Amino acid sequence: MASTLVKLAAAAPPPRFGHAAVVTLTPEQLAGLLGATREATSKTMAELAVRNLIRQGRGRIIIQDTAALQTIARRTT
Numbered sequence: 061m062a063s064t065l066v067k068l069a070a071a072a073p074p075p076r077f078g079h080a081a082v083v084t085l086t087p088e089q090l091a092g093l094l095g096a097t098r099e100a101t102s103k104t105m106a107e108l109a110v111r112n113l114i115r116q117g118r119g120r121i122i123i124q125d126t127a128a129l130q131t132i133a134r135r136t137t
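When we follow my numbering, the leftmost residue of the sequence shown carries the number 61, and every step to the right adds one.
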C-alpha cells in the first residue's frame, strides 16, 4: 500500500501553497487497485494515519510524509 500511495501522490496534481499531496480515492477504490479487501485496506490506512503519514477525508487521502511512506515501501517489497 505504501508504494501505491507514493506512486499516486507523484501522479497527483502538484500541491498548492506547499500543502501535502492529495490523492483523490476512496478506500474502496484503493482496495480495488491493490486487489485487497476494503476492510484490510481501511485497517492499514488507519495504521498509517495513527503514525501521521496520511490523513483521510471524504474520498481523499492526504499524504503527510512521503519520505516515510517510501521507506516503508522499500522495506516491504
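Idealized CB from N, CA, C, for every residue including glycine. Just so it is clear, the structure is predicted and the values come from calculations on it, not from any experiment.
Spatial neighbours of A72 in its own chain (CB-CB distance under 7 Å, excluding positions within 5 residues in sequence) are listed in chain order as A81, V82, V83. With contacts defined by Cβ atoms closer than 7 Å, Q124 and L113 form a contacting pair. If you draw a 10 Å sphere on the C-beta of L93, you find fewer than 16 other C-beta atoms in it, and that means exposed. Note on geometry: alpha-carbon atoms of E88 and A100 lie some 10 Å from one another. Within the same chain, and ignoring the five residues on either side of R120 in sequence, the residues whose Cβ sits closer than 6 Å to its Cβ are V82, T84. About 11 Å separates the beta carbons of A69 and A133, which is beyond the 8 Å limit, so they are not a contact pair.
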